[in-house]
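Data block below; observations after.
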Amino acid sequence: AGWELFRQEILPKIQMLVDGDTGSTSDWDDRWNHIKKFLERSGPFMHPDFEPSTESLQFMLETCKILVIGAGGLGCELLKNLALSGFRNIHVVDMDTIDVSNLNRQFLFRAKDVGRPKADVAADFINKFHIIVCGLDSIVARRWMNGMLLSLLVYEDGVLDPSSIIPLIDGGTEGFKGNARVIFPGMTACIDCTLELYPPQINFPMCTIASMPRLPEHCIEYVRILLWPKEMPFGDDVSLDGDDPEHIQWVYQKSLERAAEFSITGVTYRLTQGVVKRIIPAVASTNAAIAAACATEVFKIASSAYLPLNNYMVFNDVDGLYTYTFEAERKENCSACSQVPSDLHFSPSSKLQEVLDYLTESTSVQMKSPAITTTMDGKNKTLYLQVINLPFKLGLADGQELAVADVTTPQTVLFKLCFTS
Ligand SMILES: [Zn+2]
1 AGWELFRQEI LPKIQMLVDG DTGSTSDWDD RWNHIKKFLE RSGPFMHPDF
51 EPSTESLQFM LETCKILVIG AGGLGCELLK NLALSGFRNI HVVDMDTIDV
101 SNLNRQFLFR AKDVGRPKAD VAADFINKFH IIVCGLDSIV ARRWMNGMLL
151 SLLVYEDGVL DPSSIIPLID GGTEGFKGNA RVIFPGMTAC IDCTLELYPP
201 QINFPMCTIA SMPRLPEHCI EYVRILLWPK EMPFGDDVSL DGDDPEHIQW
251 VYQKSLERAA EFSITGVTYR LTQGVVKRII PAVASTNAAI AAACATEVFK
301 IASSAYLPLN NYMVFNDVDG LYTYTFEAER KENCSACSQV PSDLHFSPSS
351 KLQEVLDYLT ESTSVQMKSP AITTTMDGKN KTLYLQVINL PFKLGLADGQ
401 ELAVADVTTP QTVLFKLCFT S
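In this text, residue positions in the sequence shown follow UniProt numbering: the first is 1, and each later residue adds one.
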């Protein structure tokens, strides 16, 4: 629905902004005066090596290609800002409409691409852009894009070729909180270097839900987690479906009863749906602030007139307004960008299931559905479910490399098994 709205209503308006009212790309006089003030005269905040000239504006208008990922609240705001900043070669990819398990499909595949690996087609597509901007609400999609940009890096004798770096500007919002960051893949902290900043879903403590509810959300969670499995109101095998109005209605009614019991107010149908579907309401002002910060960074990098943000901005307007920047640091053993397989420490009697649990539960890895392959007797072998509960000593050796595929990355990630005594 978001994409349709975007196509029908917002895209034509952006087109108009970019093309001007005449419907052509010719500019009226002084069209870009507001931009020229930053690029054609010097100022105290200018990059020390920058020479004011008309070239930067020409590059932005005619050459610079921007790929915007996400056309939701943040993405649309970003597109408007970029168009008004002078960028004309803007490409939009919306990730809302697709399943995260198939991110590769999102990129346009043409007849000539038939038979080519989808990740290769996506890589070629992304390689056409100078700068990537993400306005996504999905951490998985963000990590996938991060992994894709890392996979495009070219190293010669271990030295990174700077021309293979495509900068990633990443914006994220959640209610009244947001962040904007600048990533030079291979040079500065990547998304996976700072995965701990995206903790897995925070849930309410079970004792609160079960016996001491204080908030309407606690009552809804009580019905969702405890009452539904006990009463199975729509049959034994029917799990709660957040898109089924009858299910939500049932949870809503039961939550009202629970709330009445504890004199809690505020349970509504809408809140019930929000809690069940884990919807965090979008706040337009937060999106506007973060999109503005991201567009400014794109402008700074494309024009090279100013030093980019180094490298992480936090924004919070829950209570008043609070913002600061800090330099997120690269993680030496980042599984995405460090170029060395991370060590996995397990005892020889551990089981594969323990590795899988670690890969999904560790805050620094946070994979979704890892599939592990390894080399045994010179052959690639997928470690199947049947070996999950066998101890390592029956197959895997100390120092063995494990290649892990997951939806969070387009490449396989290498780990090294290190036996602990
Ligand atoms: Zn990293």
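The beta carbon of each residue, even a glycine, is placed where N, CA and C say it ideally should be.
Counting along the chain, where does the beta strand (DSSP E) carrying Asp170 start and finish?
168-174
Using DSSP with H/G/I as helix, E/B as strand and the rest coil, what is Pro410?
strand
What would DSSP say about Thr420, mapped onto helix, strand or coil?
coil
Tell me where the beta strand (DSSP E) around His345 begins and ends.
342-346
Assess contact between the segment 213-220 and the segment 248-262, defined as three or more Cβ pairs (one per stretch) separated by less than 8 Å. Is contact present?
yes
Would you check whether ligand 1 has a heavy atom nearer than 7 Å to the C-beta of Ala336?
yes
Hey, Asn146 and Ala295: beta-carbon distance below 8 Å or not?
no
Distance, Lys368 Cα to Glu361 Cα:
9 Å
Give the range of the alpha helix (DSSP H) segment to which Cys134 is assigned.
Taken as a continuous stretch (DSSP letters only), Cys134 belongs to no alpha helix (DSSP H), being part of the beta strand (DSSP E) at 131-135.
Using a threshold of 7 Å, is the CB atom of Arg330 nearer than that to any non-hydrogen atom of ligand 1?
yes
With a CB to CB cut of under 8 Å and the five nearest residues on each side skipped, what residues in its chain are close to Pro391?
Pro348, Ser349, Ser350, Lys351
Helix, strand or coil at Ile209 according to DSSP, with G and I counted as helix
helix
Quick one: what's got a C-beta closer than 6 Å to Ser101's C-beta in the same chain, skipping five residues either side?
Note on Ser101: pLDDT 45, under 50, position unreliable in the model; no value is reported.
Close-in-space but distant-in-sequence residues of the same chain around Thr412 (CB under 7 Å, 5 per side omitted):
Ala403, Val404, Ala405
Just confirm the distance between the C-beta atoms of His47 and Leu240, as a whole number of angstroms; I'd bet it's less than 8 Å.
Not a contact, Cβ separation roughly 54 Å.
Would you identify the three-state DSSP class for Ile290, choosing helix, strand or coil?
helix
Counting C-beta neighbours from all protein chains within 10 Å, is the total for Asp192 16 or more, i.e. buried, or is it exposed?
buried
Tell me whether Val404 sits in a helix, a strand or coil according to DSSP, three-state version.
strand
Please classify Glu401 as buried or exposed, where buried requires at least 16 neighbouring CB atoms within 10 angstroms.
exposed
Taking the alpha-carbon of Asn89 as reference, which of Ile165, Gln58, Val223 has the nearest alpha-carbon?
Gln58
Quick check: the segment 65-78 against the segment 273-288, are at least 3 beta-carbon pairs closer than 8 Å?
yes
Once DSSP output is grouped into helix, strand and coil, what is the label at His47?
coil
List the DSSP bridge partners of Phe262.
For Phe262, which the question treats as bridged, DSSP gives no partner whatsoever.
Is Cys190 close to ligand 1? I mean its beta-carbon at under 7 Å from any heavy atom of the ligand.
yes
Reduced DSSP secondary structure (H/G/I, E/B, other) of Phe184:
coil
DSSP state of Ala371 mapped onto helix, strand, coil
strand
Does any heavy atom of ligand 3 sit closer than 7 Å to the C-beta of Glu257?
Ligand 3 is not part of the structure shown, which contains ligand 1 as its ligands.
Can you list, in chain order, the residues of its chain whose CB lies under 7 Å from that of Thr325, leaving out five sequence neighbours each side?
Leu309, Tyr312, Met313
Shorter than 7 Å, the distance from the beta carbon of Cys193 to the closest heavy atom of ligand 1, or not?
yes
Met376 - DSSP class collapsed to helix/strand/coil:
strand
With distances taken from CA atoms, which of Glu327, Thr373, Ser342, Asp319 is nearest Gly175?
Asp319
Nearest to Asp124 (by Cα), restricted to the options Ser303, Leu78, Arg143, Ser164
Ser164
Measuring alpha carbon to alpha carbon, tell me which of Thr188, Gly86, Thr208, Pro117 ends up nearest Thr63.
Gly86
Phe315 bridges to which residues according to DSSP?
Gly178, Thr323
Can you pull the DSSP bridge partners for Phe59?
In DSSP, Phe59 forms no bridge with anything.
Length of the line joining the Cα atoms of Arg105 and Phe419
With a pLDDT of 49 at Arg105, under the threshold of 50, the modelled position of that residue is not reliable, and no figure is offered here.
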